[in-house]
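Student: The structure under discussion is supplied below as structure tokens; questions concerning it will follow.
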Amino acid sequence: MSETTEALPTAVAPRTDATWLARPSIREAAWGIVFIGPWLIGLVLFTAGPMIVSLVMSLTNFDLVHPSAARFVGLDNYVRLAGDPSVIGSLIATIKFAVITIPLTMIASLGFALLLNHPKLLFKGPLRALVYMPVMIPLVASTLVWIGFLNTDTGWLNGILGALGLPRPDWINSQTWIYPALSIIGLWSIGNFMIINIAGLQSVPTELYEAARMDGAGAWTTFRRITIPLMSPVLLYNLVIVLIGTFQYFTQAYTMTNGRGDPNNATLFINLVLFREGFVFNHMGYAAAIAWLLFVIVLGLTLVLFAVARKRVYYAGGER
Numbered sequence: 008m009s010e011t012t013e014a015l016p017t018a019v020a021p022r023t024d025a026t027w028l029a030r031p032s033i034r035e036a037a038w039g040i041v042f043i044g045p046w047l048i049g050l051v052l053f054t055a056g057p058m059i060v061s062l063v064m065s066l067t068n069f070d071l072v073h074p075s076a077a078r079f080v081g082l083d084n085y086v087r088l089a090g091d092p093s094v095i096g097s098l099i100a101t102i103k104f105a106v107i108t109i110p111l112t113m114i115a116s117l118g119f120a121l122l123l124n125h126p127k128l129l130f131k132g133p134l135r136a137l138v139y140m141p142v143m144i145p146l147v148a149s150t151l152v153w154i155g156f157l158n159t160d161t162g163w164l165n166g167i168l169g170a171l172g173l174p175r176p177d178w179i180n181s182q183t184w185i186y187p188a189l190s191i192i193g194l195w196s197i198g199n200f201m202i203i204n205i206a207g208l209q210s211v212p213t214e215l216y217e218a219a220r221m222d223g224a225g226a227w228t229t230f231r232r233i234t235i236p237l238m239s240p241v242l243l244y245n246l247v248i249v250l251i252g253t254f255q256y257f258t259q260a261y262t263m264t265n266g267r268g269d270p271n272n273a274t275l276f277i278n279l280v281l282f283r284e285g286f287v288f289n290h291m292g293y294a295a296a297i298a299w300l301l302f303v304i305v306l307g308l309t310l311v312l313f314a315v316a317r318k319r320v321y322y323a324g325g326e327r
């Protein structure tokens, strides 16, 4: 009797549709890295890299004239900041300027937005373009023009005030009037904030305004109860940007005084001190420490704004 043997089926390893690298999720991630790669390279080369270098530099006595003589000094530059009259004075000057220019910029940009978004206003497009157009003018050029406008004797602003029988301030050479003068110059370029505010106003549902009118709400009540709450995220964004820009204020003040900070150091803002220490006195290590001080101050103020905004800013679908 013959025996027949059947070959038992061998276990076959389950086939994979693709190798690990060929999985759709991996391919998508790889393409994502490819697309954001240029941005990542730019972030490392032009933001993260310089920040790390400046942090290291702030711990040295690096001098542009004698770079080979640089040595590690630890926190000496930061200790020096606490007792440097020019740094303390520049911070006070910057805060004084911020107290004037930030509210003025926020109110003016919102006011122009409300005006140029009014449903009964004609020629909205051209008028918005006219208000925005100064943003396109280089800051140095516009500042030089404003120096002429604000001239005590020949400026058109004082000419108008004189014709009305009002005092003619010495806008540029007076410690009292220099901050209002710089704030007026700043209003020249509020077009960006105005456009953002217009976008925020147009995002408010018109049904809410109609319901408010039916309930007998006046213009002020509607503005306070509907417009401001629904505009609060946009206003917060503008406030943060204006705050950062104010503490980075440099070009206009430098152009008006050639970096001297006149009158009597009233316009010697923190960024001018940073520039002077780094590129006039060549104390790049100390300038880097000033830059990091400025970064910490702005970051701290921004975090405070966001902390306050948790209870004051309304987000649709979220909590106030």
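Adding 7 to a residue's 1-based position in the sequence shown gives its number in this note's numbering.
For glycine and all other residues, C-beta sits at the position ideal for the given N, C-alpha and C.
Can you give me the Cβ contacts of Val147 inside the same chain, cut-off strictly under 6 Å, excluding the 5 residues immediately before and after it?
Tutor: Stepping through the sequence shown from its first residue, residue 147 is reached at position 140. Once the five neighbours on either side are set aside, the close Cβ partners of Val147 are Thr262.
Student: In whole angstroms, what is the alpha-carbon distance linking Tyr321 and Phe302?
Tutor: Counting from 1 along the sequence shown, the entry for residue 321 is found at position 314. Counting from 1 along the sequence shown, the entry for residue 302 is found at position 295. Approximately 28 Å between the Cα atoms of the pair.
Student: For the pair the segment 139-153 and the segment 218-230, tell me if three or more CB-CB distances fall below 8 Å.
Tutor: Result no; under three Cβ-Cβ pairs closer than 8 Å.
Student: Give every residue of the same chain whose Cβ lies closer than 7 Å to the Cβ of Gly268, excluding the five residues on either side of it in the sequence, and list them in chain order.
Tutor: On the sequence shown, residue 268 is found 261 positions in, with the first residue counted as 1. Thr274, Leu275, Leu279, listed in sequence order.
Student: DSSP three-state call for Ser9: helix, strand or coil?
Tutor: In the sequence shown, the residue the question calls residue 9 occupies position 2. Note on Ser9: pLDDT 48, under 50, position unreliable in the model; no value is reported.
Student: For Ala115, is the beta carbon positioned less than 7 Å from some heavy atom of the ligand MG?
Tutor: This structure lacks the ligand MG, and indeed carries no ligand of any kind.
Student: With a threshold of 16 other CB atoms inside 10 Å of the CB of Trp38, please say whether the residue is buried or exposed.
Tutor: Walking along the sequence shown from the start, residue 38 turns up at place 31. Trp38 comes out exposed.
Student: Distance, Cα to Cα, Val80 vs Phe288?
Tutor: Residue 80 sits at position 73 when you count from the first residue of the sequence shown. Residue 288 sits at position 281 when you count from the first residue of the sequence shown. If I take the Cα positions, the gap works out to 18 Å.
Student: Can you check DSSP and say which residues form a bridge with Thr67?
Tutor: Counting from 1 along the sequence shown, the entry for residue 67 is found at position 60. According to DSSP, Thr67 bridges with Phe79.
Student: For Thr258, which residues of its own chain have a beta-carbon under 8 Å away from its beta-carbon, when the five flanking residues on both sides are left out?
Tutor: Working through the sequence shown from its first residue, we reach residue 258 at position 251. Answer for Thr258: Leu146, Val147, Thr150, listed in chain order.
Student: Using the beta-carbon count (16 or more within 10 Å), is Ile205 buried or exposed?
Tutor: Sequence index remark: in the sequence shown, residue 205 carries index 198 (1-based). The residue in question, Ile205, is buried, as its Cβ has 16 or more Cβ neighbours within 10 Å.
Student: According to DSSP, simplified to helix, strand and coil, what is Ala298?
Tutor: Residue 298 sits at position 291 when you count from the first residue of the sequence shown. Helix at Ala298.
Student: In terms of residue numbering, what span does the alpha helix (DSSP H) encompassing Tyr256 cover?
Tutor: On the sequence shown, position 249 is the one that residue 256 refers to. Note, Tyr256: premise wrong, no alpha helix (DSSP H); not H, not E.
Student: Which residue from Ile304, Phe104, Ala295 puts its Cα closest to that of Thr67?
Tutor: As a working mapping, residue 67 is identified with position 60 in the sequence shown. Taking only the C-alpha atoms, the option nearest Thr67 is Ala295.
Student: Take His290 and list the residues in its own chain whose beta-carbon comes closer than 6 Å to its own, dropping the five residues that flank it on each side.
Tutor: Residue numbering aside, residue 290 sits at position 283 when the sequence shown is read from its first letter. So the list reads Glu284, once near-sequence residues are dropped.
Student: Can you tell me where the alpha helix (DSSP H) with Gln209 in it begins and where it stops?
Tutor: On the sequence shown, residue 209 is found 202 positions in, with the first residue counted as 1. That run of the alpha helix (DSSP H) goes 198-209.
Student: Three Cβ pairs or more, each shorter than 8 Å: is that satisfied between the segment 308-321 and the segment 74-92?
Tutor: Verdict: no, contact absent.
Student: Residue range of the alpha helix (DSSP H) that Arg135 falls in?
Tutor: Looking up residue 135 in the sequence shown gives position 128. Residues 131-139.
Student: Just to confirm the assignment, what range does the alpha helix (DSSP H) spanning Phe119 have?
Tutor: As a first step, residue 119 is located in the sequence shown; it is residue number 112 there, counting from the start. Counting along the chain, the alpha helix (DSSP H) containing Phe119 begins and ends at 92-123.
Student: For the structure I just gave you, are there three or more beta carbon pairs, one from the segment 232-249 and one from the segment 149-165, closer than 8 Å?
Tutor: No, the segment 232-249 is not in contact with the segment 149-165.
Student: Looking at the unbroken alpha helix (DSSP H) that takes in Ile48, where does it start and where does it end?
Tutor: Counting from 1 along the sequence shown, the entry for residue 48 is found at position 41. Start and end: 31-50.
Student: Please look up how many angstroms separate the CB atoms of Leu134 and Leu123, rounded, as I've assumed it's under 8 Å.
Tutor: For the purposes of this step, residue 134 is taken as the residue at position 127 of the sequence shown. For the purposes of this step, residue 123 is taken as the residue at position 116 of the sequence shown. Their Cβ separation, rounded to whole angstroms, is 6 Å, which keeps Leu134 and Leu123 in contact under 8 Å.
Student: Could you pull out every residue in the same chain whose Cβ sits closer than 6 Å to the Cβ of Leu237, ignoring the five residues on either side in sequence?
Tutor: Numbered from 1 along the sequence shown, position 230 holds the residue referred to as residue 237. Within the same chain, Leu237 has close Cβ partners Val211.
Student: Between Val305, Ser61, Val51, which lies nearest to Val247 when the distance is taken from Cα to Cα?
Tutor: Locating residue 247 in the sequence shown gives position 240, where the first residue counts as 1. If we check each option's Cα against that of Val247, Val305 comes out closest.
Student: With a CB to CB cut of under 8 Å and the five nearest residues on each side skipped, what residues in its chain are close to Ala115?
Tutor: Within the sequence shown, the letter at position 108 stands for residue 115. Hits under 8 Å: Leu194, Ile197.
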